[in-house]
Amino acid sequence: MANGNPRYQGKPLLRLLECYVLWAIDQLSAMELSTLKEMTPNLQSVYGVQGDWQQIVAAAMSLPPSMAETIRSFWSKNTEIARRNNTTLTPQQFAEMFVDQNFVS
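In this text, residue positions in the sequence shown follow the numbering used here: the first is 27, and each later residue adds one.
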């Protein structure tokens with residue numbers, strides 16, 4: 027899923043968090059969604075949490091129930107800022123930015 031990208035080396039939860047953000051803004055690819063669904067039993071085992079992959083990520087990070095809604099709000103605000111500045115904010119750029127600013131210490 028991380029495709030050997032050095033960004034994710036030694037950070038197994040990083041790509042999952044980005045996928046969670048992409049899912050929250052309805053921009054997660056069908057292929058990644060399928061991969062995450064297939065990974066769910068392993069994620070349940072690793073994190074000791076039952077549920078779908080989104081619930082596992084939320085539990086692993088102690089995310090509030092409103093997190094997906096919060097992410098959507100930030101997406102809307104940031105895409106508007108980008109539009110006003112005549113630039114484009116891709117969903118992946120947003121996911122990385124959001125994760126880096128809110129979850130990576």
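Beta carbons are placed, not taken as given, at the ideal position from N, Cα and C, and that holds for glycine. From a predicted model like this one, the values you see are computed outputs, not experimental measurements.
Best match in the options for proximity to residue i [C-alpha to C-alpha]
{"i": "Ala50", "options": "Glu95, Val130, Lys63 and Val125", "result": "Glu95"}
{"i": "Met123", "options": "Gly36, Gln35 and Leu40", "result": "Leu40"}
{"i": "Gln127", "options": "Asp78, Val47 and Gln70", "result": "Val47"}
{"i": "Gln80", "options": "Arg33, Thr116 and Leu54", "result": "Leu54"}
Neighbourhood of residue i by C-beta distance below 6 Å, restricted to the same chain and skipping five residues each side
{"i": "Val72", "result": "none"}
{"i": "Ser88", "result": "none"}
{"i": "Val75", "result": "Ile82 and Ala85"}
{"i": "Gln35", "result": "none"}
Cβ-Cβ separation, residue j to residue i (assumed contact under 8 Å), whole Å
{"i": "Phe129", "j": "Leu43", "result": "5 Å"}
{"i": "Asp78", "j": "Thr66", "result": "6 Å"}
Cut-off 7 Å between Cβ atoms - residues of its own chain near residue i, not counting five sequence neighbours on either side
{"i": "Leu114", "result": "Inspection of the sequence shows that residue 114 is occupied by Thr rather than by Leu. Excluding positions up to five away in sequence, the list reads Ala108."}
{"i": "Ile97", "result": "Val47, Ala50, Ile51 and Phe124"}
{"i": "Glu101", "result": "This sequence places Trp at residue 101; Glu is not what is there. The answer, listed in chain order, is Ile51 and Phe120."}
{"i": "Leu23", "result": "Here the chain has residues from 27 to 131 only, and residue 23 is not among them."}
{"i": "Cys45", "result": "Leu54, Glu58 and Leu62"}
Own chain, CB closer than 8 Å to residue i, minus 5 neighbours either side, in chain order
{"i": "Ala56", "result": "none"}
Problem - alpha helix (DSSP H) segments (min. 4 residues) lying fully within the segment 36-120 - result: Runs found: 38-50, 56-73, 79-86 and 93-110.
Exercise for the section: Determine contact between the segment 94-108 and the segment 29-37, defined as no fewer than three beta-carbon pairs at a distance below 8 Å. Expected result: Touching, no, given that fewer than three Cβ pairs across the two stretches are closer than 8 Å.
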